[in-house]
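In my numbering, the protein residues as written are 74 to 204.
We put the beta carbon where it would ideally sit given N, CA and C, even for glycine.
Since we're looking at a predicted model, the values are computed, not measured.
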């Protein structure tokens with residue numbers, strides 16, 4: 074399972090609906106995310122919980138370690154898949170998903186890892202990604 078920043082933030086900020094997200098995460102046989110998703114999660118957690126970046130980063134990294142979520146690299150295959158995702162589903166491309174850059178890379182990482190994607194929101198559900 075590839076964990077999008079939106080799912081990390083939902084769990085860490087205890088947003089509405091975070092319990093089933095946490096249960097799906099716990100049930101996954103493998104868990105991964107990317108450095109880009111970590112960056113996005115840290116920024117959001119800092120803002121939502123009014124923490125410094127350093128404190129938010131420690132909070133996110135502690136959770137990643139406790140939940141056994143590996144950080145996978147983003148390489149050329151993921152960049153190519155992210156560009157393809159943007160062409161199909163990106164903001165300004167005429168598709169209702171309107172994926173942003175972080176979304177395109179989460180989509181790409183899930184696709185290249187052949188993993189389901191754990192996310193919150195409606196953007197990915199408008200694509201062909203497996204939730």
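Collapsed DSSP secondary structure at residue i in the structure displayed
| i | result |
| --- | --- |
| residue 108 | helix |
| residue 138 | helix |
| residue 82 | helix |
| residue 149 | helix |
| residue 203 | coil |
| residue 88 | coil |
| residue 125 | coil |
Exposure label - residue i; buried when at least 16 CB within 10 Å
| i | result |
| --- | --- |
| residue 139 | exposed |
| residue 193 | buried |
| residue 108 | exposed |
| residue 82 | buried |
| residue 165 | exposed |
| residue 198 | exposed |
| residue 137 | buried |
| residue 184 | buried |
| residue 154 | buried |
| residue 151 | buried |
| residue 131 | exposed |
| residue 125 | exposed |
Beta-ladder partner(s) of residue i, from DSSP
| i | result |
| --- | --- |
| residue 75 | 105, 190 |
| residue 143 | 105 |
| residue 163 | 172 |
Presumed contact (8 Å Cβ cut-off) between residue i and residue j, rounded CB distance
| i | j | result |
| --- | --- | --- |
| residue 190 | residue 75 | 5 Å |
| residue 118 | residue 129 | 4 Å |
| residue 133 | residue 85 | 7 Å |
| residue 101 | residue 78 | About 17 Å separates the two Cβ atoms, so there is no contact after all. |
| residue 145 | residue 103 | Wrong, their Cβ atoms sit about 10 Å apart, outside the cutoff. |
For this session: Answer yes if the stretch 82-101 comes into contact with the stretch 172-180, meaning at least three C-beta pairs across the two stretches below 8 Å, and no otherwise.
Result: no
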